[in-house]
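Each remark here refers to the structure printed beneath this line.
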Amino acid sequence: MFFEKGVILIKSWHYALTVFLGGCCYGMLSTIVKLAYSAGFPSSVVTGAQYFFGTILIWSLVLVTKAKKLTLKQALKLLASGIPFGLTGTFYYQSLQTLNASLAIIFLFQFVWIGTLVDWIFNKKKPTKGKLVSISILIIGSALAANIFSGQRAVLSWQGILWGMLSALTFTTFIFLSGSVEKNVPPVVRSALFATGALIVVFLLFPPSFLFNFPVLFRLMPYGLLLGLFGVVLPPLLFSIGMPHVGPGLGTILPASELPVAIIMSSIVLAEHVSWTQWLGVFLILTGIICGNIRHKKSRVDANGIEVSLP
1 MFFEKGVILI KSWHYALTVF LGGCCYGMLS TIVKLAYSAG FPSSVVTGAQ
51 YFFGTILIWS LVLVTKAKKL TLKQALKLLA SGIPFGLTGT FYYQSLQTLN
101 ASLAIIFLFQ FVWIGTLVDW IFNKKKPTKG KLVSISILII GSALAANIFS
151 GQRAVLSWQG ILWGMLSALT FTTFIFLSGS VEKNVPPVVR SALFATGALI
201 VVFLLFPPSF LFNFPVLFRL MPYGLLLGLF GVVLPPLLFS IGMPHVGPGL
251 GTILPASELP VAIIMSSIVL AEHVSWTQWL GVFLILTGII CGNIRHKKSR
301 VDANGIEVSL P
């Protein structure tokens, strides 16, 4: 009996870690995007390259796996579920046009509480006091990590705020769909169809003229492959594995790992100065994720009628 409880606990943390790593992958993107911008590529080209190369990579992975055939209805549902996936990157990159990076990511970060609200409305799961405390810690930590208390006057625009909040809404929607739509389909196939749906939307918004300019495409390829790997291939694949098991409530807390990774990457790769308050924010975010996960595991195990003692 003790062994069975231990296996259940390990599996629970395994799925949570999978979603956490998916959020970490998203945290890599802002640094790569800044490098692409510094190389002279506009946001429309960077966004298109991310989803183009990412879709090629994930379908290459599907080809070497033994994936079962899907019905047309299943494929269309997964393609449609990729729409908010594509819109998230599009809206976020648009918000960066009029807001500085620290403010834009704060608006995107609102998916933390929006996800809990969605879980409450659609799944009738009222947030516990522990989850509310965890979300509060995450929001405070995100404000510190984004350095909005640095004393510098923030420049706000209603366009930037609108794009930022839209990115939070679409990201929440994608997290919700990745944990609920066609859960029996293999994760790699689900991810490929998510990516394809996202690619269609992005190409409709930004016609891919760069594909026919081979010198530009060649220079863009390193950025596109990295953005595709960390922004299109790995996150939906990891979310497809973990989200059905952790649910949308915790599923919008774990990807908060995105912001700490973004801060660490900008410090290491871009040599940007990170203040002690930002590092404090990173610590608080990780603390909030751990607190939310522990609370979730306690309630989840109890609901299954299995008593597992957690620290």
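Under full-length UniProt numbering, think of the first position of the sequence shown as 1, with each following residue one higher. All C-beta atoms, glycine included, are put in the ideal place defined by N, C-alpha and C. Since we're looking at a predicted model, the values are computed, not measured.
Quick one: measure Cβ to Cβ for residue i and residue j, integer angstroms, because I've assumed they're closer than 8 angstroms.
i, j, result
"Ile-140", "Pro-255", "The pair is not a contact, with the Cβ atoms about 18 angstroms apart (cut-off 8 angstroms)."
"Met-243", "Val-19", "6 angstroms"
"Ser-167", "Ser-95", "6 angstroms"
Would the beta-carbon of residue i fall within 8 angstroms of that of residue j?
i, j, result
"Leu-108", "Gly-164", "yes"
"Ile-201", "Ile-58", "According to the sequence as given, residue 201 is Val; it is not Ile. No. Outside cutoff."
"Thr-170", "Phe-230", "no"
"Gly-224", "Gln-50", "yes"
"Ser-189", "Val-62", "Sequence inspection shows Val at residue 189; the Ser mentioned does not correspond to that position. Yes, these two residues count as a Cβ contact at 8 angstroms."
"Glu-182", "Leu-72", "no"
"Val-261", "Met-28", "yes"
"Thr-47", "Phe-206", "yes"
"Ala-75", "Leu-193", "yes"
"Ile-289", "Ser-257", "yes"
"Leu-234", "Gly-22", "yes"
"Leu-208", "Phe-52", "Residue identity differs from the one stated: residue 208 is Pro in this sequence, not Leu. Yes, these two residues count as a Cβ contact at 8 angstroms."
"Val-246", "Tyr-15", "yes"
"Leu-177", "Phe-41", "no"
"residue 312", "Ala-145", "Nothing about residue 312 can be reported from this structure: the residues present for the chain run from 1 to 311 only."
"Val-133", "Cys-291", "yes"
Leaving out five residues before and five after residue i in sequence, what residues of the same chain have Cβ atoms less than 7 angstroms from its Cβ?
i, result
"Ser-142", "Ile-106, Phe-109, Leu-259, Gly-281 and Ile-285"
"Thr-55", "Ala-195, Thr-196, Leu-199 and Val-232"
"Trp-13", "none"
"Ala-303", "Reliability fails at Ala-303, whose pLDDT of 42 lies under 50, so the model's placement of it is uncertain and no value is given."
"Thr-172", "Phe-111, Ile-114, Gly-115, Val-118 and Thr-252"
"Val-274", "Ile-263 and Ser-267"
"Pro-187", "Leu-237, Ser-240 and Ile-241"
"Ala-80", "Gly-197"
Who are the Cβ neighbours of residue i in its own chain at under 8 angstroms, not counting the five residues just before and after it?
i, result
"Thr-287", "Ile-137 and Gly-141"
"Pro-127", "Thr-116, Asp-119, Trp-120, Ile-135 and Gly-249"
Just to confirm my understanding: we take residue i, look at its own chain, exclude 5 residues before and 5 after, and list those with CB closer than 6 angstroms. What are they?
i, result
"Arg-300", "With a pLDDT of only 46 at Arg-300, under the threshold of 50, the placement of this residue in the model should not be trusted; the figure read from the coordinates follows. Excluding residues within five positions, none has a Cβ falling inside 6 angstroms."
"Gly-160", "Ser-95, Thr-98 and Leu-99"
"Val-216", "Phe-210"
"Ser-36", "In the sequence on display, residue 36 carries Ala and not Ser. Val-46 and Tyr-223."
"Leu-17", "none"
"Ser-43", "Tyr-93"
"Ala-39", "none"
"Ser-191", "Ile-58, Pro-236, Leu-237 and Ser-240"
Could you give the uninterrupted runs of the alpha helix (DSSP H) lying entirely in the stretch 241–292, keeping only those of 4 residues or more?
-> 258–268
Which runs of the alpha helix (DSSP H) spanning at least 4 residues fall entirely within the stretch 97–122, listed in chain order?
-> 101–108
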